[in-house]
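Residue numbers (the numbering used here): 39 to 362.
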């Protein structure tokens, strides 16, 4: 039966959405996920390099399923231009500037494994094929950086709760810790004076009830295709009510613990980077206010639009009960 898409009242207007070929391109995405070429996870950046024939948009292909929750398919803001999102990144393993996307292409994706361990009844080691067997869906989320800039990003992936169901954490498990890929010869990080210490590999963590929340998401794709390396290929955490540094990239290990784990930025500067790190406009950063944010607009050039910051990034109805 051919796929017939009838727009719903809660969907963004077409003029504010990424093109159908970019966002609803199922064939191109699934090609990238196949065992034929894991290199598909580092597709050329639109507007940054010449597109290959395989990377051209394909119109009229049945899309991946949308999230069953309509609230996860609207953002109230235009989607950020893909090239801008792909060239304005924080990924400290590859440097401290926003223009790290070229450095990030050094990330090796062959034979990727994600180990799930700790206080679980069913420890697992997933390869990419295993991860892609989880029911994939599209979600449109607001993204807020602790540095007071923001985007709107269309992700492809699956709820974190799917991992919880698969590995069955024990009653003793209170926290979950994510570990990012680290190889000192590849992920060299920023260049600091001798003696400075950075607590690599990058770690982030959540309370287990935060991981179980409907919003918490593992992304394997973005803008209708697999994750480019600078976005945290092949697997990254997306927790949209928290500041972006909570979203660990290029995850290789997920560990369930009974005590609060150390995390990268909270270890470096606990006064600036709280473990919880929820988006809260009334809680100022030590060096700037969080009451407003600069939204990266949907045009092809960087355009900053200053808007008010929303409590929990506007997702309070889903997560407010976690912090009441």
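Backbone N, C-alpha and C define an ideal beta-carbon position, used for all residues, glycine too.
Please read all numbers here as calculations on a predicted model, not as lab measurements.
Given a length threshold of 4 residues, each whole run of the alpha helix (DSSP H) inside the segment 222 to 261 is given here in chain order: 246 to 249. For the 8 Å CB-CB criterion, residue 244 and residue 210 do not form a contact. In this structure, the beta-carbon distance from residue 329 to residue 342 does not fall below 8 Å. Here DSSP, grouped into helix, strand and coil, assigns residue 144 to coil. The alpha-carbon of residue 322 is positioned some 26 Å away from that of residue 251.
For residue 113, no alpha helix (DSSP H) run applies, since DSSP gives it neither H nor E. Judged by beta-carbon spacing, residue 198 lies within the 8 Å limit of residue 256, meaning their Cβ atoms are closer than that value.
The residue among 136, 159, 139 and 166 with its C-alpha nearest the C-alpha of residue 147 is 166.
Each of 299, 254 and 348 was checked against the Cα of residue 194, and the nearest Cα belongs to 254. Boundaries of the beta strand (DSSP E) around residue 330: 330 to 334. With contact defined as three or more Cβ pairs closer than 8 Å, the segment 350 to 359 and the segment 310 to 327 are in contact.
Separation of the CB atoms of residue 181 and residue 278 is rounded to 7 Å, and the pair is thereby assigned contact status at 8 Å. Membership of residue 199 in the alpha helix (DSSP H) is indicated by the continuous run 199 to 205. DSSP lists 323 as the bridge partner or partners of residue 326. Annotation for residue 357: the continuous alpha helix (DSSP H) segment containing it runs 354 to 357.
Annotation for residue 302: the continuous alpha helix (DSSP H) segment containing it runs 302 to 306. Look at residue 121 here: in three-state DSSP terms it is helix. The three-state secondary structure of residue 263, taken from DSSP, is strand. Between residue 228 and residue 196, the CB-CB gap reaches or exceeds 8 Å.
Contact between residue 184 and residue 260 is absent: CB atoms are separated by about 20 Å, not below the 8 Å threshold.
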